[in-house]
Amino acid sequence: MTPVLVTGVAGFIGFHLAKRLLDDGRAVVGVDSVNEYYDRSLKEARLHELEGCAGFRFVRMDLANREGTARLFAEVDPREVAHLAAQAGVRYSMENPHAYADSNLVAFLNVLEGCRVSRPTHLVYASTSSVYGSNTVMPFSEQQGVDHPISLYAATKRANELMAHSYSHLYGLPTTGLRFFTVYGPWGRPDMALFIFTKAILEGRPIPIFNYGQSGRDFTYVDDIVEAFVRVLAHPPEPAPDATERLTDPSSGTAPFQIFNIGQQAPVPLMHVVELLEKALGRTAEKEFLPPQAGDVAMTWAAADALERATGFRPRVTVEEGVPRFVAWYRQYYGT
3 MTPVLVTGVA GFIGFHLAKR LLDDGRAVVG VDSVNEYYDR SLKEARLHEL
53 EGCAGFRFVR MDLANREGTA RLFAEVDPRE VAHLAAQAGV RYSMENPHAY
103 ADSNLVAFLN VLEGCRVSRP THLVYASTSS VYGSNTVMPF SEQQGVDHPI
153 SLYAATKRAN ELMAHSYSHL YGLPTTGLRF FTVYGPWGRP DMALFIFTKA
203 ILEGRPIPIF NYGQSGRDFT YVDDIVEAFV RVLAHPPEPA PDATERLTDP
253 SSGTAPFQIF NIGQQAPVPL MHVVELLEKA LGRTAEKEFL PPQAGDVAMT
303 WAAADALERA TGFRPRVTVE EGVPRFVAWY RQYYGT
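Set out below in structure tokens:
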């Protein structure tokens with residue numbers, strides 16, 4: 003079976019996506035550099051889960067390596083490409099900006115070049131709600147302009163969308179960018195809020211509550227992200243018949259290119275999520291209220307109508323369901 007190439011396969015979402023594809027009977031070639039941005043043992047544990055599945059092969063490499071990436075595409079000749087490899091994190095982009103240039107710009111260009119040569123039926127790549135930056139019109143719609151990023155991380159992800167559009171236009175490569183909204187769930191990243199809060203509460207340390215608790219996020223459970231990703235992967239975009247209309251839409255174009263939000267369409271106050279964590283953990287959190295962090299926005303809220311029209315799906319798992327699932331995984335994995 004012609005495989006799906008999943009980049010960033012040792013990462014949070016890449017792992018879940020690869021597992022779903024394998025469970026569906028697809029062959030998967032996963033690639034990851036397994037860098038040290040966070041605990042490598044967690045990444046290795048994800049890989050261990052995947053390596054027990056039939057149809058999975060792992061390649062350890064850095065996609066910023068131009069020659070290595072070209073060889074990978076020539077060898078694998080993937081039917082579809084799910085690109086999730088990236089340097090994540092808003093605040094870390096202020097500490098180590100060059101990591102974002104290497105992982106999010108150079109590596110993505112190498113992936114686009116690999117796709118130009120191997121001609122997969124579809125390239126679906128991870129973007130982020132952070133591209134909406136200082137936009138204040140809610141909910142965030144794909145039709146809004148996204149020209150005011152407030153972090154380098156967001157700027158590199160918006161650059162990915164523009165780079166993908168150019169390759170769609172020049173080479174007819176079908177590409178779709180998915181703007182994820184605050185993904186959480188089992189096997190999550192240790193730098194994410196739920197992970198940080200859970201660890202601190204169990205250790206009896208105060209949890210940092212930025213913006214003095216006046217924040218809200220469109221929390222999206224990882225299974226919903228994966229379901230949307232799989233559906234989108236199977237439906238590559240086609241050039242629009244009405245070129246003039248498409249040119250006025252920042253999320254599409256005259257080429258086989260599109261962008262979708264993936265979010266619950268329901269911003270949840272951060273303090274409500276803290277309450278759900280306290281209930282699931284059976285402990286009261288000590289809270290340290292702090293001013294806003296640089297690069298953060300007060301609220302995110304996804305309009306996901308376009309995703310539903312295209313795939314028939316919209317995220318379903320509420321935080322009341324998802325937070326206890328995350329806590330159960332955390333307790334089991336760390337033996338707390």
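Numbered according to this note's numbering, the sequence shown spans residues 3 to 338. Just so it is clear, CB atoms sit at the ideal spot from N, CA and C, and this is done for glycine as well.
- Setting aside the 5 residues that flank it on each side, residue 202 is surrounded in the same chain by 209, each with a C-beta closer than 6 Å to its C-beta; the list follows chain order.
- Residue 219 and residue 302 do touch by the CB rule: their CB atoms are close to 5 Å apart, below 8 Å.
- Contact between residue 105 and residue 66 holds, with the beta-carbon distance rounding to 7 Å and staying under 8 Å.
- Here residue 194 is buried. Its C-beta has 16 or more other C-beta atoms within 10 Å.
- As the crow flies, the alpha-carbon of residue 108 is around 14 Å from that of residue 86.
- Judged by DSSP secondary structure, residue 200 falls within the alpha helix (DSSP H) whose first and last residues are 195-205.
- Between the beta-carbon of residue 20 and that of residue 36 there is about 14 Å, and that puts the pair past the 8 Å contact cut.
- Between residue 324 and residue 187 the beta-carbon gap is near 6 Å, inside 8 Å, which marks them as a contact.
- Cβ-Cβ distances below 6 Å link residue 183 to 131, 220, 222, 265, 302, 304 in the same chain, with the five nearest sequence neighbours on each side left out; the list follows chain order.
- In the three-state DSSP reduction, residue 313 falls in the helix class (H, G or I).
- Restricting attention to beta strand (DSSP E) runs no shorter than 3 residues, the stretch 52-97 encloses them at 58-62, 82-85, ordered along the chain.
- Per DSSP, reduced to three states, the secondary structure at residue 34 is strand.
- Taking 8 Å as the cut-off, the Cβ atoms of residue 260 and residue 178 count as close.
- Minimum Cα-Cα distance from residue 300 among the listed residues 119, 277, 269, 62 corresponds to 269.
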